[in-house]
Amino acid sequence: MRVELMQGILGDNNAAARDNRALFDEHGILAVDVMGGPGCGKTSILEQVVRELRRRGITSKVIEGDVASDNDARRIEQAGAEAFQINTGGGCHLHAGMVRRALKQMDLQNTHVMFIENVGNLVCPTAFRLGAHFRFVVASPPEGDDKPQKYPVAFRDAEGIILNKIDLLGHLPFDAERFWELCTELNSSAPQFSVSSTTGEGIEGLCDWLLERRSKRQA
Ligand SMILES: Nc1nc2c(ncn2[C@@H]2O[C@H](COP(=O)(O)OP(=O)(O)OP(=O)(O)O)[C@@H](O)[C@H]2O)c(=O)[nH]1
Ligand SMILES: [Mg+2]
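Here the sequence shown is numbered in my numbering, starting from 671 and rising by one per residue.
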């Protein structure tokens, strides 16, 4: 009984995710879903990325998922991109139906990239694809270098892995080589990015990769 219910929920989610993907494709939007534990720096990375993309003439928008508050949407708007805040009211992840409702209320014209920041969590979002073309998982030194071992699905199923806060390497007992080895064991195809949203290191390279993927999809 419990399994059937779960399948029903996932079936509904997958149908909404397909609708979202169709909407992104219809508007020529590259959609990227960002997951990671609370405080790993998802919003901070997006603040830097939307600024850098804007410098290159690319318009990005952000759907923010949080249990409560519109703090992250306000931060993104301060960084110069339109943001739509979803509050899950206790839910530990976004599901595709929530994103579909948000997309219906957003202006999708003249939008090149749509980022979707999931609720801070390395477990619950993994089963719920949102219709984005890529999912990034973000980790950072304060969380510890064993996170890929402890939350393997998050790292195994991602299409890109970001290690943020590299400005803190050397100040914390975090072995970056071990972290990347664990990531590669789980997922050798996901590109790996080392960034600091505080210093800006690595942000240009991340944007280069995103724009390359966008051009490939349009070719
Ligand atoms: N030193 C350092 N601190 C960072 C970096 N990126 C983010 N932070 C700090 O980490 C804290 C959390 O950053 P957020 O961007 O809010 O993290 P988040 O993943 O969006 O958090 P939730 O949305 O609550 O899950 C803030 O105090 C940031 O200033 C970084 O590259 N280096
Ligand atoms: Mg955030």
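For glycine and all other residues, C-beta sits at the position ideal for the given N, C-alpha and C.
query, result
"Enumerated in chain order, which unbroken segments of the beta strand (DSSP E) with a length of 3 residues or greater are wholly contained in the region 707–753?", "730–736"
"When the Cβ atoms of the region 734–749 are set against those of the region 816–829, are three or more pairs found closer than 8 Å?", "no"
"Please state whether DSSP places D689 in a helix, a strand or coil.", "helix"
"Counting only C-beta atoms, is A809 closer than 9 Å to chain C at any point?", "Among the chains in the structure shown there is no chain C, since it carries only a single protein chain."
"Is the closest heavy atom of ligand 1 to the C-beta of V702 under 8 Å?", "no"
"So for R612, helix, strand or coil by DSSP?", "Not covered by the structure: residue 612. The range shown for the chain is 671 to 889."
"Around the C-beta of T869, are 16 or more other C-beta atoms found within 10 angstroms, so that it is buried, or is it exposed?", "exposed"
"Is it right to say C762 is buried, meaning 16 or more other beta carbons lie within 10 angstroms of its own, or is it exposed?", "exposed"
"Could you give the DSSP three-state label for F806: helix, strand or coil?", "strand"
"Can the beta-carbon of A685 be found less than 9 Å from the beta-carbon of A753?", "no"
"Identify whether A846 lies in helix, strand or coil by the three-state DSSP scheme.", "helix"
"Measuring alpha carbon to alpha carbon, tell me which residue in S810, R883, C710, L876 is nearest H803.", "R883"
"Excluding the 5 residues preceding and the 5 following H697 in the sequence, name in chain order all residues of the same chain whose CB lies nearer than 6 Å to its CB.", "L778"
"DSSP three-state label for V823, please.", "helix"
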